[in-house]
Each structure stands twice: as C-alpha cells, then as structure tokens.
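Asker: Here the sequence shown stands for residues 2 to 274, where the numbers follow our numbering.
Beta carbons are placed, not taken as given, at the ideal position from N, Cα and C, and that holds for glycine.
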Amino acid sequence: MTSAELFNQIKAKKSFLCIGLDTDIQKIPRQLLDTTDPIFAFNKEIIDATHDLAVAYKPNLAFYESLGVNGWNSLEKTVNYIRYNYPDLFIIADAKRGDIGNTSNLYARAFFDAMDFDAVTVAPYMGEDSVTPFFTYVGKWVILLALTSNKGADDFQYMTENNEKLFERVIKTSSKWGNEDNMMYVVGATRAEMLADIRKIIPNHFLLVPGVGAQGGSLEEVAKNGLNKQCGLLVNSSRQIIYAGKDEKFAEKAREAAVEVRDEMAALLEKYL
Numbered sequence: 002m003t004s005a006e007l008f009n010q011i012k013a014k015k016s017f018l019c020i021g022l023d024t025d026i027q028k029i030p031r032q033l034l035d036t037t038d039p040i041f042a043f044n045k046e047i048i049d050a051t052h053d054l055a056v057a058y059k060p061n062l063a064f065y066e067s068l069g070v071n072g073w074n075s076l077e078k079t080v081n082y083i084r085y086n087y088p089d090l091f092i093i094a095d096a097k098r099g100d101i102g103n104t105s106n107l108y109a110r111a112f113f114d115a116m117d118f119d120a121v122t123v124a125p126y127m128g129e130d131s132v133t134p135f136f137t138y139v140g141k142w143v144i145l146l147a148l149t150s151n152k153g154a155d156d157f158q159y160m161t162e163n164n165e166k167l168f169e170r171v172i173k174t175s176s177k178w179g180n181e182d183n184m185m186y187v188v189g190a191t192r193a194e195m196l197a198d199i200r201k202i203i204p205n206h207f208l209l210v211p212g213v214g215a216q217g218g219s220l221e222e223v224a225k226n227g228l229n230k231q232c233g234l235l236v237n238s239s240r241q242i243i244y245a246g247k248d249e250k251f252a253e254k255a256r257e258a259a260v261e262v263r264d265e266m267a268a269l270l271e272k273y274l
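Quick look at the structure:
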C-alpha cells in the first residue's frame with residue numbers, strides 16, 4: 002500500500018484512526034473464555050464493529066507472545082481475517098524489532114511473508130543495517146521509533162548535542178534509508194508540541210501517533226501540529242475503544258467509542274486540512 006492509497010482510505014472514511022488490538026486475556030468479557038479461541042473471538046467482533054471507522058489495526062505482539070503458540074495462532078487468524086474480509090485495511094505489527102542484518106532479515110520474513118502485515122515497528126538503535134532488510138519487501142513499511150509517549154523517553158530521546166536532540170538526529174539520519182512510501186515514524190501524542198518541529202524535518206512522511214485517549218494525549222494538538230497535505234497521521238487508540246464495554250455488548254460499546262473518535266477526526270480534517 003502506497004501513501005497515496007492510504008490517503009485515499011483516510012479521505013473515504015474521514016478518519017485517520019488506527020485501532021490497537023492490545024487484547025489481554027484477563028480483560029476480555031468472560032463469556033468469550035468458553036470459546037475455542039477467546040483472543041480471536043474478541044478481535045473478530047471488535048473488527049467487525051469498527052472496520053468502517055478505522056483505516057488501520059495494530060496488534061501489539063506482547064499480548065499474543067505472552068500466550069505462547071496459542072497467542073501466535075490467534076494473531077495469525079486475526080491478520081488473515083482482516084485480509085480476507087476487509088482487504089483495504091492497513092495492518093501494523095507492533096513488534097519493535099531491530100537486530101543485526103541477518104536477524105532483521107528473518108524478522109522481515111516473519112512479518113511480511115509468513116503473516117502478511119503491511120508494516121512493522123522497528124527500533125533504530127542498532128543503525129541502518131538493522132533496518133534496511135525490511136525495505137526489501139515492496140509495498141511494505143518500516144515504522145521507526147522516533148519520539149515515544151512513555152515517561153522513560155526523557156532518559157535518552159531528548160539528549161542534546163550541538164543543539165540537536167537525539168530523536169531529531171534519528172529522524173534526519175534514518176530518513177535517508179527509506180522514503181515516504183515505505184517509512185513512517187512513531188511520535189507519541191503526549192509529545193504533541195514537538196510535532197511541528199518534526200514536520201520541519203519530515204514534512205511528507207506518515208506518523209504513527211500513540212498516546213491519545215487512555216494515555217492523555219490531545220487529538221486536537223496532534224492534528225494541529227502534525228497534519229500535512231496528505232493527512233500524514235495514523236492516530237492509534239487501543240484501550241479507549243476495545244475495552245469501552247465489558248459485557249456481552251462490548252463490540253457495540255467499542256463501536257460507539259470509535260464513532261466518537263472518528264467524528265472528532267472528521268472535524269479536525271475539515272478544520273486543518
């Protein structure tokens with residue numbers, strides 16, 4: 002999927018919503034625990050209830066890996082379900098991988114060949130040769146961690162040398178590795194004031210923005226500082242949507258929460274784009 006195709010989805014749905022499938026076996030409705038695959042059963046209902054409101058889904062792999070083989074099976078079934086039923090949706094593996102070139106090549110094979118994700122999140126710390134293997138897959142994306150929304154981001158990401166913050170150097174250097182059709186960046190919504198400065202470095206790249214909703218980020222601030230001519234944003238919401246309801250009407254409640262976010266996004270697109 003190219004950036005233009007992604008923008009077409011955004012325009013059609015008036016939404017730049019990415020729903021995080023952070024599916025915790027301890028938080029899903031109890032009636033699903035009697036099914037053969039509770040994680041997949043939950044994901045399926047969430048996806049069916051919200052697919053027309055979102056342009057992307059982002060399974061966080063920790064929630065699946067923690068369940069061993071069963072979790073991986075649930076993940077694979079989730080990706081295959083989206084591919085078969087809603088093929089225009091963008092699917093992100095929130096895996097935060099990154100290792101020496103040979104190992105990264107195998108990670109890329111796992112997520113792009115074996116599981117058919119559109120994108121994978123990658124850590125930049127080990128440098129260019131740990132990232133470039135992911136670029137060998139045409140039509141697939143690297144989403145590089147740049148400025149995260151967690152408190153610990155202050156430990157390293159804002160370190161400054163020659164008036165340049167570390168995250169700024171990461172963006173400037175890595176932007177030469179890929180292009181606007183195969184590389185995005187993670188920028189946390191709780192750092193929304195930095196989006197304007199980031200846009201000076203990469204005006205045309207897409208940004209994946211977590212931290213709106215349960216983590217306290219402002220969608221208005223993200224849009225004001227981060228939108229570009231092709232929207233250029235995928236704003237992720239996980240807990241706020243998927244756990245909006247806890248009983249048998251959980252999917253209905255998830256849809257209501259997603260509609261609320263989508264409607265705000267539609268208004269912001271009209272206001273700022």
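By Cβ distance, which residues of its chain are closer than 8 Å to F17, with the 5 residues on each side in sequence left out?
Answerer: Locating residue 17 in the sequence shown gives position 16, where the first residue counts as 1. The residues are I11, V56, C232, L234, L235, V236, M266 and L270.
Asker: Helix, strand or coil: which one does DSSP assign to W73?
Answerer: To locate residue 73, count along the sequence shown from 1; it is residue 72. Correct three-state label for W73: helix.
Asker: When the distance is taken between beta carbons, is G72 closer than 7 Å to Y65?
Answerer: Sequence index remark: in the sequence shown, residue 65 carries index 64 (1-based). Sequence index remark: in the sequence shown, residue 72 carries index 71 (1-based). Taking 7 Å as the Cβ cut-off, Y65 and G72 qualify as a contacting pair.
Asker: Would you give the residue range spanned by the beta strand (DSSP E) that L209 belongs to?
Answerer: Within the sequence shown, residue 209 is the residue found at index 208, counting from 1. Here the beta strand (DSSP E) through L209 covers F207 to V210.
Asker: With DSSP as the reference, identify every bridge partner of P60, one or two as the case may be.
Answerer: Translated into positions along the sequence shown, residue 60 becomes position 59. Answer by DSSP bridge pairing, in chain order: L22.
Asker: On a CA-only basis, which of D130, Y186, T133 and G212 is nearest P204? Give me that one, please.
Answerer: Numbered from 1 along the sequence shown, position 203 holds the residue referred to as residue 204. When each option's Cα is compared against that of P204, the closest is Y186.
Asker: Between G153 and chain C, is the shortest Cβ-Cβ distance under 7 Å, so that the two count as touching?
Answerer: Absent here is chain C; the protein component of the structure consists of one chain.
Asker: Following the continuous beta strand (DSSP E) through N237, name the residue where it begins and the one where it ends.
Answerer: By one-based count along the sequence shown, residue 237 stands at place 236. Where N237 is concerned, the enclosing beta strand (DSSP E) stretches over L234 to S238.
Asker: Buried or exposed: where does T79 fall if 16 or more other Cβ atoms within 10 Å of its Cβ makes it buried?
Answerer: In the sequence shown, the residue the question calls residue 79 occupies position 78. So T79 counts as buried.
Asker: Assuming D95 and K59 form a contact by the criterion Cβ under 8 Å, report the distance between their Cβ atoms to the nearest whole angstrom.
Answerer: Position 94 of the sequence shown holds residue 95. Position 58 of the sequence shown holds residue 59. Right, their Cβ atoms sit about 5 Å apart.
Asker: At what residue ranges does the region 97 to 160 contain a whole run of the alpha helix (DSSP H), taking only runs of 4 or more?
Answerer: Runs of the alpha helix (DSSP H) inside the region 97 to 160: 102 to 109 and 154 to 157.
Asker: Using the DSSP secondary-structure output, state which residues sit across from N229 in a beta bridge.
Answerer: Indexing the sequence shown from 1 puts residue 229 at position 228. Partner(s): C232.
Asker: Where K15 and G189 are concerned, what is the direct C-alpha to C-alpha distance, given to the nearest angstrom?
Answerer: Position 14 of the sequence shown, counted from the start, is the residue given in the question as residue 15. Position 188 of the sequence shown, counted from the start, is the residue given in the question as residue 189. Their backbone Cα atoms lie some 22 Å apart in a straight line.
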